[in-house]
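See below for the structure under consideration.
2 protein chains.
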Amino acid sequence: MQRIGYIGLGIMGRPMARNLLKAGFQLTVWNRTAEKSAELAEAGATVVESPAEVARAVEAVCINVTDTPDVEQVIFGRRGILESNSGESADLLVIDHSTISPSATRQFAERLAERRIAMLDAPVSGGDIGAQRGQLSIMVGGDEAVFERCRPTLEVNAGQLTHVGPIGSGQLTKAANQVLCAVHMMALCEAMMLARAQGLDLSAMLQVTGAGAGGSWALSNLGPKIAAGDIEPGFMIDLILKDLEIVRDEARQCGLPMPGLDLAAAMFRAAAKQGLGRKGTHALCRVYEELAGIRFAPSP
Amino acid sequence: MQRIGYIGLGIMGRPMARNLLKAGFQLTVWNRTAEKSAELAEAGATVVESPAEVARAVEAVCINVTDTPDVEQVIFGRRGILESNSGESADLLVIDHSTISPSATRQFAERLAERRIAMLDAPVSGGDIGAQRGQLSIMVGGDEAVFERCRPTLEVNAGQLTHVGPIGSGQLTKAANQVLCAVHMMALCEAMMLARAQGLDLSAMLQVTGAGAGGSWALSNLGPKIAAGDIEPGFMIDLILKDLEIVRDEARQCGLPMPGLDLAAAMFRAAAKQGLGRKGTHALCRVYEELAGIRFAPSP
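If you're matching them up, the sequences are chains A and B in order. FYI, in the numbering used here the residues of the first sequence are 1 to 300. FYI, in the numbering used here the residues of the second sequence are 301 to 600.
Structure representation (structure tokens):
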């Protein structure tokens, strides 16, 4: 596979697409906001006018948009990927890097299969820095033979590339990942609040607890930012709220009680209400600052 | 300092005391249940009849008992450490490895200082395996000069040894650590429950999420045990419940809201009510199994 399409050139899609270009793939791109394509055009990508035109030009289309309805629109909507294909065998592949509903993913894949288009769900973790470095963790669901065909394309952006099961499994793994991220952030804020309220040195506290049974990625990577008063994203609160709604829908459909997740979601909603939706997930610390009347970081 | 005392020869104290013997220290020990001293006597320790007798024989006394009242009893109770000292300068040091209340620790240290006895609070993290290997994380509060005098003794059992601040700071750091451990366990159970209910392979899910932003010590070390149906301790639910009460007392005194911690404590209490108090903290998975009607591990 040499001809790859990329739809969705946001904070994640743009660096991932650029890495594909650098790796020597022929790239055709489309973005809802046309200006975001300019940088990739300069780097050698062909910019077209619709997802359908992308699909006509390539062997595999990568999608990297925000939410379930955006993916649906790009595939099934007007001038969507399906309109490239008038019923004959197109042998097209769709690789969805977005984080969306696992059950919608399975439905999309079924509808695509009727048109002989194979789909992988391949959500990623590792943030914009991971994307820039081509060092994302990519969790892939779908047919194993299709996964192997896509492996060279996926490896361009992967630090860890894992086939986790049938279609939808990538999204389910990502959902589990977001449960961990959300609840870990609540744990970190409460532990740091306790330490701070008692006058403990936060650097020492992070160092000691990070080395033991209290350690987490969140603590090591976002704890120091909280201590320094830096709440820029990273990964935005508005986006984790979207992801947590996906998780809660799945959990509800399975009748699973998720008290920790529900509480974390309520805390993140409180953060969004405080106007922190476009700040990093670790800006959750500001909700605790309001509740407890303390400050984590020295005033700037 | 060559002559060390050890009071409290439980699951943590016994291996830590044995490591001190191996390192060449002269050891005098006492334990409430006398049988537990036998093994150390064979290894060369002197067994005596009371904490007071321990204190009379040594330069520093290590304490490793369960809870705040136990420490108080060992120091200030009948035939306690204080009874070794009739008022003259004894130059005795007390090193408390127990996990107890930070504010009680400060009070104990003040009362000891009146008798010219210095105290360090030095709770540990890393479990019985860390103790056996002498690879614990030891978080120490107290006077820095006293810490330096005790360093050679502490290093025998330390993988990471950190002076975190004045007296009580070790316990505060441990409290923050237990917040992290408790809430992370809730996160892990919910993420694994979601994955399991959807038929995901738990090993793959743990591998992928552990490599990214969802990673934690709990996930890497206890996730595989949950997946295998092994709920033996490690660290017991009864003990984390004791620790969480200490944390909640501290938080209440400072007026800190800790919703995540409160919820995790409620879940662990539910586990204890299910008869799991003497199982590992990861036996929390059984509460979720009951709530959701699923099983994490194949039946044995």
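By construction, the Cβ of each residue, glycine as well, lies at the ideal position given by its N, Cα and C atoms.
Give every residue of the same chain whose Cβ lies closer than 7 Å to the Cβ of residue i, excluding the five residues on either side of it in the sequence, and list them in chain order.
i	result
A:V58	R3, I4, G5, T28
B:F447	L420, V440, H463
A:E232	K279, G280
B:G465	G441
A:G127	G234, F235
A:V156	N19, L20, A23, G134
Between which two residues does the alpha helix (DSSP H) harbouring residue i extend?
i	result
A:S103	102-114
A:G119	In the sequence on display, residue 119 of chain A carries Met and not Gly. Where A:M119 is concerned, there is no enclosing alpha helix (DSSP H), although the beta strand (DSSP E) it sits in stretches over 118-121.
B:V587	585-592
A:V48	Run containing A:V48: none; DSSP gives neither H nor E here.
At a CB-CB cut-off below 8 Å, which residues of chain A make contact with residue i?
i	result
B:D501	V164, G165
B:A360	Near B:A360 there are no residues of chain A at all, since even the closest Cβ is about 22 Å away, more than 8 Å.
Suppose you measure from the CA of residue i to the CA of residue j; what does that come to, to the nearest Å?
i	j	result
A:H97	B:K542	44 Å
B:A323	B:R451	13 Å
B:R378	B:A352	9 Å
A:L154	A:F25	12 Å
A:L112	B:S425	52 Å
B:R406	A:T209	21 Å
B:D370	B:W330	13 Å
A:E114	A:I226	49 Å
A:A182	B:A572	26 Å
B:I311	B:R496	33 Å
B:V587	B:D530	14 Å
B:Q503	A:S137	Here residue 503 of chain B turns out to be Ser, not Gln, going by the sequence shown. Each residue's Cα considered, the two are about 16 Å apart.
B:S337	B:A317	10 Å
B:R332	A:K174	50 Å
B:D443	B:R449	10 Å
With a Cβ-Cβ cutoff of 9 Å, do residue i and residue j count as a contact?
i	j	result
B:Q478	A:G214	yes
A:N85	A:I117	yes
A:I246	A:I100	yes
B:L563	A:L256	no
B:A487	A:A187	yes
B:A583	B:L576	yes
B:A343	B:L321	yes
A:G159	A:S103	no
A:M192	A:L206	yes
B:A597	B:A511	no
B:I395	B:A422	yes
A:L194	B:A518	no
A:G260	B:E490	yes
Beta strand (DSSP E) containing residue i: first to last residue?
i	result
A:V183	Counting along the chain, A:V183 falls outside any beta strand (DSSP E), though it belongs to the alpha helix (DSSP H) covering 169-197.
B:R356	Unbroken run through B:R356 is the alpha helix (DSSP H), 351-357; no beta strand (DSSP E).
B:S437	436-441
B:D562	Run containing B:D562: none in the beta strand (DSSP E); it sits in the alpha helix (DSSP H), 559-571.
A:V65	Per DSSP, A:V65 belongs to no beta strand (DSSP E) and is neither H nor E.
A:L161	158-165
A:T28	26-30
Determine the chain B residues that contact residue i at a beta-carbon separation under 7 Å, and present them in chain order.
i	result
A:Q207	T462
A:H184	H484, A487, S516
A:P257	L591, A592
A:S137	V508, A511, G512
A:S169	L500
Any heavy atom of the ligand PLP within a distance shorter than 8 Å of the CB on residue i?
i	result
A:T66	Ligands in the displayed structure: none, and consequently the ligand PLP is not present.
Give the residues of chain B in contact with residue i, contact being defined as C-beta atoms less than 9 Å apart.
i	result
A:E155	Ordered by position in chain B, no residue passes the 9 Å Cβ test against A:E155, which lies about 15 Å from the chain.
Mind listing the chain B neighbours of residue i? Cutoff is C-beta to C-beta under 8 Å, in chain order.
i	result
A:N177	A491, V508, T509, G512, A513, G514
A:V247	L494
Within its chain, find whatever has a CB closer than 8 Å to the CB of residue i; leave out the 5 residues flanking it on each side and keep chain order.
i	result
A:I240	Q178, C181, A182, F268, T281
Leaving out five residues before and five after residue i in sequence, what residues of the same chain have Cβ atoms less than 6 Å from its Cβ?
i	result
A:A41	V47
Chain A partners of residue i, CB-CB under 9 Å?
i	result
B:H550	It is worth fixing the name first, because residue 550 of chain B is Glu in this sequence and not His. Here the neighbours are L194, A197, Q198.
B:A343	Simply none; closest approach about 27 Å.
B:G560	V183, M186, A187, C189, E190, G260, L263, A264, M267
Give the interface partners of residue i over in chain A, defined as CB-CB distance under 7 Å, in chain order.
i	result
B:G305	Ordered by position in chain A, no residue passes the 7 Å Cβ test against B:G305, which lies about 26 Å from the chain.
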